[in-house]
Amino acid sequence: MTQEGADKTEKKGPKIRQAVVIVHGMGEQRPLDTLFRFANAVVKEPPSSGEADTSTAKFRAKYFSRPTNFEDAFESRYLVSQKSEKDDPVQQDQADFFEYHWSFHMQGNKFTDIIATFFRMLIRSPTRVPSGLLVVWAAIWLLIFYAAYKLYSTPDIWSKITAVYTNDGTGGAIAALIGTIFAIGAGGLAFKALRWLFKRFIPAKVTSHFVDVIRYLDTSPRSYAVRKNIRKGMVDLIENLHQEKEGGKNKYDRVVIVAHSLGAYIAYDAITYYWTRTNQQFSGKIGVKTLRDVEQKGAALLDASEDHSAEKVDDYRKAQKALWLELQKQGNPWRISDFVSVGTPMYMADSIMTKNKARFQERVDLRHIAKCPPESDLSRDGFPKDPVSYGYPYGANTALYHAAPFAVTRWTNMWFPPALNFFGDWFGGPLAPLFGHGIRDIRLKGDGWRRFIPAVAHALYFSFPDKKPEAGDDPDKTDQLSVTHQLRLALDLSFFR
């Protein structure tokens with residue numbers, strides 16, 4: 001379809017229009033690079049013109065590019081995919097693809113920014129080390145022990161240091177003290193060795209990844225302005241998509257947010273913040289049955305000790321969609337139906353964001369951290385409401401409370417699990433244990449050998465062609481499909497059909 005043809009089609013006014021926002025991940029990203037890679041991966045090839053001779057066949061683009069109308073968005077474009085025809089094998093409504101580009105805010109990063117987090121993770125037990133970093137953690141400790149052994153086993157150094165104290169009986173204590181100092185020095189040497197190894201053998205874009213995460217989550221004055229500007233830009237984009245009009249009506253009926261790596265932290269912050277701007281805006285009543293259904297399905301997933309089946313998660317997601325549709329009838333402006341996180345270090349949030357799991361749980365208990373499904377709202381005496389409740393009286397109606405965006409927004413998470421805790425994506429992992437068992441966690445086991453490249457696999461999620469199920473594939477094990485296919489399923493561009 002030509003641009004002119006697309007314009008003519010658009011003038012008819014598609015009944016349904018959806019916005020997909022891709023939030024890029026860590027490292028020095030160029031504007032629109034992630035957007036084009038993502039669109040090339042997930043937008044289906046349109047049917048050909050049917051002509052056998054390719055030299056005379058008409059070109060039909062998967063999508064076309066347009067400038068955005070947002071203020072100060074001079075580098076910004078969006079990609080418009082086509083609405084499927086009646087006879088197309090894949091049915092979907094028109095979607096506009098946007099990118100939130102934030103890396104230009106993250107300037108002046110230093111490898112030394114991770115020192116505090118490095119040592120905090122280093123001194124914890126192996127059972128509390130994020131699985132993707134376990135082999136790296138073990139390798140660093142081997143370096144430390146080796147360096148300490150080499151220092152300790154040098155007899156000339158020890159004999160000269162302790163000889164002067166031999167007569168007064170303090171030699172053992174002094175030796176122990178100096179040994180401790182040497183061990184700390186060995187840790188410093190190991191850190192320098194690690195920095196050299198990363199710079200020498202791993203691409204700079206990978207080593208900069210983890211620094212970005214630490215910097216974004218750092219609460220020091222040095223990072224405050226950076227974090228504020230990044231969050232503001234994302235919230236502004238979401239707000240623009242919610243408020244944009246066309247023909248006197250809302251331009252977009254639905255918004256989907258897809259976030260890679262650190263981008264998932266940024267998207268999560270924006271979702272939870274923007275929810276507090278809209279959760280009380282409505283003109284009608286929420287259906288009691290629909291709200292009770294999502295609360296009951298969510299309550300069944302709150303017990304972390306249980307092995308939650310895929311059927312329970314599916315039931316909760318169906319209830320979420322029903323409540324989302326109910327909100328639209330009610331007049332609530334919230335239109336984010338789905339959040340898709342890909343290869344995100346959010347699975348380390350208790351180690352990085354709150355230092356340990358106890359502090360993370362404290363923030364959950366205070367309803368500072370929003371989970372999926374949400375925790376029950378707190379009553380006036382500070383105890384969780386029983387039975388589980390996501391709403392509270394607001395005038396003559398019921399409003400969903402501030403930590404309940406994932407009562408209506410579905411959350412899908414996917415990652416390449418590292419084989420032997422090393423061969424694969426070090427920075428991605430399951431989110432259900434921390435952020436709630438209503439999240440659909442998908443361990444991606446397709447796409448061949450490249451997903452096993454240590455650390456580098458983290459940057460490859462939008463680089464694979466589609467792979468349909470083959471003979472012998474178990475249809476119930478959807479992780480055997482490609483990441484591209486899983487992304488299409490998560491986008492659910494046939495949401496309204």
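Per the UniProt record's numbering, residue 1 is the first one in the sequence shown, and the count goes up by one each step. All C-beta atoms, glycine included, are put in the ideal place defined by N, C-alpha and C. Computed from a predicted model, the values in this text were never measured in an experiment.
Asked: Ala455 and Trp415 closer than 8 Å at C-beta; Found: no
Asked: Assumed close pair Leu217, Ile336 - CB separation to whole angstroms, cut-off 8 Å; Found: Going by Cβ atoms, the distance from Leu217 to Ile336 rounds to 23 Å, so no, they are not a contact pair.
Asked: For Ile238 and Tyr274, believed in contact at Cβ under 8 Å, the rounded distance; Found: 5 Å
Asked: Asp338 beta carbon less than 8 Å from that of Thr278; Found: no
Asked: Alpha-carbon to alpha-carbon, Trp411 and Gln18; Found: 17 Å
Asked: Backbone secondary structure at Ser220 - three-state DSSP; Found: coil
Asked: Distance CB(Arg488)-CB(Val42) smaller than 8 Å; Found: yes
Asked: Residue(s) in a DSSP beta bridge with Ala419; Found: Phe423
Asked: Element boundaries [alpha helix (DSSP H), containing Pro433]; Found: 432 to 435
Asked: Gly298: first and last residue of the uninterrupted alpha helix (DSSP H) it sits in; Found: 288 to 299
Asked: Span separating the alpha-carbon of Gln281 from that of Glu326; Found: 13 Å
Asked: Residue range of the beta strand (DSSP E) that includes Phe98; Found: 94 to 100
Asked: Counterpart residues of Gly391 in DSSP-defined beta bridges; Found: Leu400
Asked: Cβ pair Gly343, His458 closer than 8 Å; Found: yes
Asked: One or two residues paired with Ser463 in a DSSP bridge; Found: Answer is none; Ser463 lacks a bridge partner.
Asked: Host alpha helix (DSSP H) of Asp365 (start-end); Found: 357 to 365
Asked: Selection from Tyr100, Ala396, Pro384, Phe423 that minimises the alpha carbon distance to Leu262; Found: Tyr100
Asked: Through-space distance from His308 to Val20, alpha-carbon basis; Found: 29 Å
Asked: Tyr149 in three-state terms, based on DSSP; Found: helix
Asked: Unbroken alpha helix (DSSP H) run spanning Leu32, endpoints; Found: Looking at the DSSP string, Leu32 is not in any alpha helix (DSSP H), and its letter there is neither H nor E.
Asked: Whole-angstrom distance between Val213 and Glu75, CA atom to CA atom; Found: 24 Å
Asked: Arg363 versus Asp293 - alpha carbon distance; Found: 26 Å
Asked: Segment limits, alpha helix (DSSP H) that includes Ser351; Found: 349 to 352
Asked: In DSSP terms, what Trp411 is bridged to; Found: Phe339
Asked: Counted within 10 angstroms of its Cβ, other Cβ atoms place Phe145 as buried (16 or more) or exposed; Found: exposed
Asked: Host alpha helix (DSSP H) of Tyr265 (start-end); Found: 262 to 278
Asked: beta-carbon Thr127 near the ligand SAH non-hydrogen atom, thresh 7 Å; Found: Looking at this structure, you won't find the ligand SAH or any other ligand, since it has none at all.
Asked: For Asp377 and Tyr390, the rounded distance between their alpha carbons; Found: 6 Å
Asked: Which of helix, strand or coil DSSP assigns to Ala19; Found: strand
Asked: Cutoff 6 Å; reference Phe496; Cβ partners in own chain excluding five residues on either side; Found: Ile16
Asked: Inter-residue spacing [alpha-carbon to alpha-carbon] between Cys372 and Leu434; Found: 10 Å
Asked: Member of Asp441, Ile140, Ile453, Tyr265 whose CA lies at the smallest distance from the CA of Pro418; Found: Ile453
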